[in-house]
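Enquirer: Adding 6 to a residue's 1-based position in the sequence shown gives its number in my numbering.
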Amino acid sequence: MKNSTASAAETLDPLVHAAWARANASLSPMSSLLAWIDWASHLAVSPGKRLDLWQLALTQANEHIANLAPRQQGSQDSSTKPDGRFADPAWDQWPFSVWRQHFLDSQRWWEQATQGVKGVDPHHQNLVAFWARQWLDMLSPGNLPFTNPVVWRRTREEGGVNLIRGLTYMLEDMQRVLTDQPQHGTENFVVGRDVAVTPGKVVFKNELMELIQYAPTTETVHAEPILVVPAWIMKYYILDLSPHNSLIKYMVDQGYTVFCISWVNPGPELRDMGMDDYLELGFRAALNAVNAIVPNRKVHATGYCLGGTLLASGAAAMARDGETERLASLTLFAAQTDFSEPGELGLFIDESQVTLLEAQMNRAGCLRAEQMAGAFQMLRSYDLLWSRLVNEYLLGERRSMFDLMAWNADATRMPAKMHSQYLRRLFLNDELSEGRYQVDGRAVSLGDLAWPVFAVGTLTDHVAPWRSVYRLSHLTSAELTFVLTSGGHNAGIVSEPGRPRRNYRIHTRPEGGLYLPPEEWAEYADHKDGSWWPEWDAWLSRRSSAQVKPPRMGAPSKGYKVLGDAPGVYVTQK
Numbered sequence: 007m008k009n010s011t012a013s014a015a016e017t018l019d020p021l022v023h024a025a026w027a028r029a030n031a032s033l034s035p036m037s038s039l040l041a042w043i044d045w046a047s048h049l050a051v052s053p054g055k056r057l058d059l060w061q062l063a064l065t066q067a068n069e070h071i072a073n074l075a076p077r078q079q080g081s082q083d084s085s086t087k088p089d090g091r092f093a094d095p096a097w098d099q100w101p102f103s104v105w106r107q108h109f110l111d112s113q114r115w116w117e118q119a120t121q122g123v124k125g126v127d128p129h130h131q132n133l134v135a136f137w138a139r140q141w142l143d144m145l146s147p148g149n150l151p152f153t154n155p156v157v158w159r160r161t162r163e164e165g166g167v168n169l170i171r172g173l174t175y176m177l178e179d180m181q182r183v184l185t186d187q188p189q190h191g192t193e194n195f196v197v198g199r200d201v202a203v204t205p206g207k208v209v210f211k212n213e214l215m216e217l218i219q220y221a222p223t224t225e226t227v228h229a230e231p232i233l234v235v236p237a238w239i240m241k242y243y244i245l246d247l248s249p250h251n252s253l254i255k256y257m258v259d260q261g262y263t264v265f266c267i268s269w270v271n272p273g274p275e276l277r278d279m280g281m282d283d284y285l286e287l288g289f290r291a292a293l294n295a296v297n298a299i300v301p302n303r304k305v306h307a308t309g310y311c312l313g314g315t316l317l318a319s320g321a322a323a324m325a326r327d328g329e330t331e332r333l334a335s336l337t338l339f340a341a342q343t344d345f346s347e348p349g350e351l352g353l354f355i356d357e358s359q360v361t362l363l364e365a366q367m368n369r370a371g372c373l374r375a376e377q378m379a380g381a382f383q384m385l386r387s388y389d390l391l392w393s394r395l396v397n398e399y400l401l402g403e404r405r406s407m408f409d410l411m412a413w414n415a416d417a418t419r420m421p422a423k424m425h426s427q428y429l430r431r432l433f434l435n436d437e438l439s440e441g442r443y444q445v446d447g448r449a450v451s452l453g454d455l456a457w458p459v460f461a462v463g464t465l466t467d468h469v470a471p472w473r474s475v476y477r478l479s480h481l482t483s484a485e486l487t488f489v490l491t492s493g494g495h496n497a498g499i500v501s502e503p504g505r506p507r508r509n510y511r512i513h514t515r516p517e518g519g520l521y522l523p524p525e526e527w528a529e530y531a532d533h534k535d536g537s538w539w540p541e542w543d544a545w546l547s548r549r550s551s552a553q554v555k556p557p558r559m560g561a562p563s564k565g566y567k568v569l570g571d572a573p574g575v576y577v578t579q580k
């Protein structure tokens with residue numbers, strides 16, 4: 007008779023793993039240790055590489071000795087690399103120029119040391135390089151009050167008042183963290199009052215999402231509506247920030263009927279919600295509602311980030327099941343469908359990392375918002391951490407909060423089952439691009455996508471690198487218009503017309519056209535200044551029918567009655 011009692015490994019190990027994860031900020035020390043061992047052991051048997059590093063160190067040491075003597079004020083070492091951290095002319099003065107050059111040389115040495123060691127696993131190599139950069143960023147002379155000439159100058163000018171002001175800011179921030187209060191300045195960006203204010207109604211709601219239908223602002227609208235599927239790793243109103251930079255408002259003003267999903271902020275009670283649930287209760291439920299409210303019309307389906315990944319898998323399942331007539335087009339904003347080149351976020355995703363994270367999520371029932379925020383912060387540690395600490399706590403300059411920053415601080419949780427499936431099935435196993443990802447128990451293929459696709463990648467994206475987003479062109483032969491816009495994962499999408507210093511590249515590959523590698527695409531594509539939003543409007547307009555009168559809000563006779571005003575309830579959950 008089979009023993010139904012759980013083994014010690016099944017009961018004890020998850021408890022230890024969860025505790026180990028909490029003690030190490032959800033990062034696996036074993037993963038990092040293995041990476042360092044791999045790198046160090048291969049470096050130990052690479053005498054040529056060690057000799058090159060020794061010669062580089064000797065060259066740098068000789069340069070340091072030559073530069074130790076004070077120089078004429080304003081002189082600058084010709085070997086100094088351009089670096090925004092040391093842009094102020096005060097860094098050209100001795101001894102600050104010496105400290106700066108020592109740091110930049112150390113950075114250069116570690117770049118050489120962590121790259122090009124034969125035999126090291128690429129993931130381990132990238133992980134070692136990443137942690138080396140983290141330590142160097144922390145030890146930068148710009149982060150210390152006694153080695154930063156800008157802080158010295160400000161302290162002399164203000165008689166130390168800047169440090170007192172900075173200490174006040176630090177204590178206030180610490181109090182907010184300890185009392186679980188939002189960041190300073192977020193109180194000026196209240197959801198429904200200052201942001202997410204485009205008029206609309208909630209016309210459907212289930213345990214996982216609310217569906218918002220936005221009120222028309224034009225006498226007639228394009229016959230085909232837009233359905234937006236945002237990521238649930240973030241609040242939906244990234245696409246409906248202030249009125250001047252709301253993509254949703256912009257599209258409504260261009261004469262489109264826009265629907266948008268607002269995901270619930272899940273707690274432990276939704277721990278067993280998986281990817282299939284987000285597809286069934288999210289995209290499919292929303293599409294059914296849109297088809298009922300705007301009957302006999304195809305839908306322009308649009309997905310952002312993880313929402314775009316979900317949309318792509320759902321659309322592939324629709325193509326598999328013969329439901330191609332329900333959609334008019336697909337639009338994907340910064341959405342990965344191929345995870346073979348996930349970028350720097352992949353540093354935090356390997357078997358060891360995922361195992362610890364799963365144990366912690368299974369105990370808590372969900373992934374907490376601060377866990378994800380910490381990972382993203384490390385990817386841009388200087389911009390998101392060290393520069394802020396210097397400016398606010400040493401220079402005493404409290405940065406002004408703006409809508410995108412306030413939205414970024416309004417983070418969400420994720421159910422344990424869903425996030426585990428996402429990390430394993432997509433990131434680790436890359437099942438979607440390889441045709442092994444199952445929807446409703448059957449595999450789907452992105453090669454079956456039968457609609458024209460408008461895909462947007464952002465140039466400096468740390469979450470979904472544009473080359474990874476572009477790999478969709480390798481997976482489908484459908485007509486594909488790809489846009490590469492300036493900015494990052496969020497700011498590149500929130501790129502309203504009239505915003506200065508914006509530009510993008512665009513090229514359309516016809517259905518069945520030849521594949522262009524990303525570098526060739528970038529050379530071949532048209533380069534334009536300004537916002538890409540009008541390009542999307544024109545692209546959708548060419549794939550839409552004649553103008554019609556706006557549909558009514560909801561469809562009460564079909565079970566989709568108005569439940570309340572936008573932005574609804576789910577988006578305000580903490």
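We put the beta carbon where it would ideally sit given N, CA and C, even for glycine.
So I239 and M420 are supposed to be a Cβ contact under 8 Å. How far apart are they, rounded?
Expert: Right, the Cβ-Cβ distance comes to about 6 Å (below 8 Å), so this counts as a contact.
Enquirer: Tell me whether the beta-carbon of S252 lies closer than 8 Å to the beta-carbon of I218.
Expert: No. Outside cutoff.
Enquirer: Mind the definition here: the stretch 507-515 touches the stretch 188-197 only if three or more C-beta pairs lie below 8 Å; say whether that holds.
Expert: The answer is no - the stretch 188-197 does not touch the stretch 507-515, with fewer than three Cβ pairs under 8 Å.
Enquirer: Alpha carbon to alpha carbon, how far is L351 from H468?
Expert: Roughly 7 Å between the two C-alpha positions.
Enquirer: Should A375 and L455 be called a contact, given that it needs their Cβ atoms to be closer than 8 Å?
Expert: For A375 and L455, no; Cβs fall outside 8 Å.
Enquirer: How should I232 be labelled, buried or exposed, when 16 other C-beta atoms within 10 angstroms of its C-beta is the threshold for buried?
Expert: Answer is buried; the Cβ neighbour count reaches 16.
Enquirer: In this structure, does DSSP put Q79 in helix, strand or coil?
Expert: With a pLDDT of 46 at Q79, under the threshold of 50, the modelled position of that residue is not reliable, and the figure given next carries that caveat. DSSP places Q79 in coil when its eight states are reduced to three.
Enquirer: Just to confirm the assignment, what range does the alpha helix (DSSP H) spanning M281 have?
Expert: M281 -> alpha helix (DSSP H) spans M281 to Y284.
Enquirer: Would F210 and Y566 qualify as a contact pair, given that the criterion is a beta-carbon distance under 8 Å?
Expert: Cβ atoms of F210 and Y566: closer than 8 Å.
Enquirer: I'd like to know if the stretch 553-560 and the stretch 178-192 are in contact, where contact means that at least 3 CB-CB pairs between them fall below 8 Å.
Expert: The stretch 553-560, when compared against the stretch 178-192, does not touch it at the 8 Å Cβ threshold.
Enquirer: Would you say L49 and V123 are within 8 Å of each other, going by their C-beta atoms?
Expert: Result yes, Cβ atoms of L49 and V123 sit closer than 8 Å.
Enquirer: In whole angstroms, what is the alpha-carbon distance linking S84 and F152?
Expert: Note that S84 scores a pLDDT of 42, beneath 50, so its modelled location is shaky; the value from the coordinates is reported in the next line. Computed Cα separation, rounded: 24 Å.
Enquirer: Rounded to the nearest angstrom, what separates G288 and V208 at their Cα positions?
Expert: If I take the Cα positions, the gap works out to 14 Å.
Enquirer: Beta carbon of L333, beta carbon of W457: below 8 Å?
Expert: Yes, they are a contact pair.
Enquirer: Using the Cβ count rule (16 or more neighbours within 10 Å means buried), how would you classify S81?
Expert: Interpretation of S81 is limited by its pLDDT of 45, a score under 50 that renders its predicted location unreliable; no figure is taken from the coordinates.
Enquirer: Can you tell me whether L478 is buried or exposed, with buried defined as 16 or more other CB within 10 angstroms of its CB?
Expert: L478 should be labelled buried.
Enquirer: Could you check which residue in L59, Q61, E69 and F92 has the C-alpha nearest to that of S393?
Expert: Comparing Cα positions, the closest option is F92.
Enquirer: In terms of residues, what are the limits of the alpha helix (DSSP H) holding V157?
Expert: That run of the alpha helix (DSSP H) goes P155 to E164.
Enquirer: Check for me: the alpha helix (DSSP H) holding A291 runs from which residue to which?
Expert: Segment A291 to I299, the alpha helix (DSSP H) holding A291.
Enquirer: Distance, Cα to Cα, K534 vs G371?
Expert: Going by the C-alpha atoms only, they are around 46 Å apart.
Enquirer: Mark L21 as exposed unless 16 or more other C-beta atoms lie within 10 angstroms of its C-beta, in which case mark it buried.
Expert: Exposed is the call here.
Enquirer: Taking the alpha-carbon of P95 as reference, which of N212, P188 and R159 has the nearest alpha-carbon?
Expert: Here the closest residue by C-alpha is R159.
Enquirer: For V360 and S38, I'd like the C-alpha separation in whole angstroms.
Expert: Answer to the nearest angstrom: the Cα atoms are 13 Å apart.
Enquirer: Grab the span of the alpha helix (DSSP H) containing Y268 for me, first residue to last.
Expert: Checking the sequence, you will find Ser at residue 268 rather than Tyr. No alpha helix (DSSP H) contains S268, which is instead part of the beta strand (DSSP E) from V264 to W269.
Enquirer: Do G320 and R290 come within 8 Å of each other at the CB atom, strictly closer than that value?
Expert: It is a contact, given that the beta carbons lie within the stated cut-off.
Enquirer: Within 8 Å, do at least three Cβ pairs link the stretch 290-302 to the stretch 422-442?
Expert: Counting Cβ pairs under 8 Å, fewer than three are found: no touch.
Enquirer: Any idea if M144 is buried or exposed, counting beta-carbon neighbours within 10 angstroms, 16 or more meaning buried?
Expert: That one is exposed.
Enquirer: Can you give me the start and stop residues for the beta strand (DSSP E) that E216 sits inside?
Expert: Per DSSP, E216 belongs to the beta strand (DSSP E) from M215 to Y220.
Enquirer: With K534 as the anchor, note down where its beta strand (DSSP E) starts and where it stops.
Expert: Taken as a continuous stretch (DSSP letters only), the beta strand (DSSP E) holding K534 covers D532 to D535.
Enquirer: Three-state secondary structure (DSSP) at N397?
Expert: Note: N397 maps to helix in three-state DSSP.
Enquirer: Please tell me whether V234 and Y262 are closer than 8 Å, where the distance is taken between their beta carbons.
Expert: The answer is no: Cβ separation not under 8 Å.
Enquirer: Can you name the residues that DSSP bridges to N509?
Expert: Answer is D535.
Enquirer: Express the C-alpha separation of M411 and A552 in angstroms, rounding to a whole number.
Expert: Using only the alpha carbons, I get a separation of about 39 Å.
Enquirer: State buried or exposed for D344, treating a residue as buried only when at least 16 other CB atoms are found within 10 Å of its CB.
Expert: Buried, since its Cβ has 16 or more Cβ neighbours within 10 Å.
Enquirer: For V598, name the three-state secondary structure that DSSP assigns.
Expert: Nothing in the structure corresponds to residue 598, since the chain is present only between 7 and 580.
Enquirer: If contact is defined by three or more beta carbon pairs under 8 Å, each pair taking one atom from either stretch, is the stretch 97-116 in contact with the stretch 59-74?
Expert: With the cut-off at 8 Å, the stretch 59-74 and the stretch 97-116 touch.
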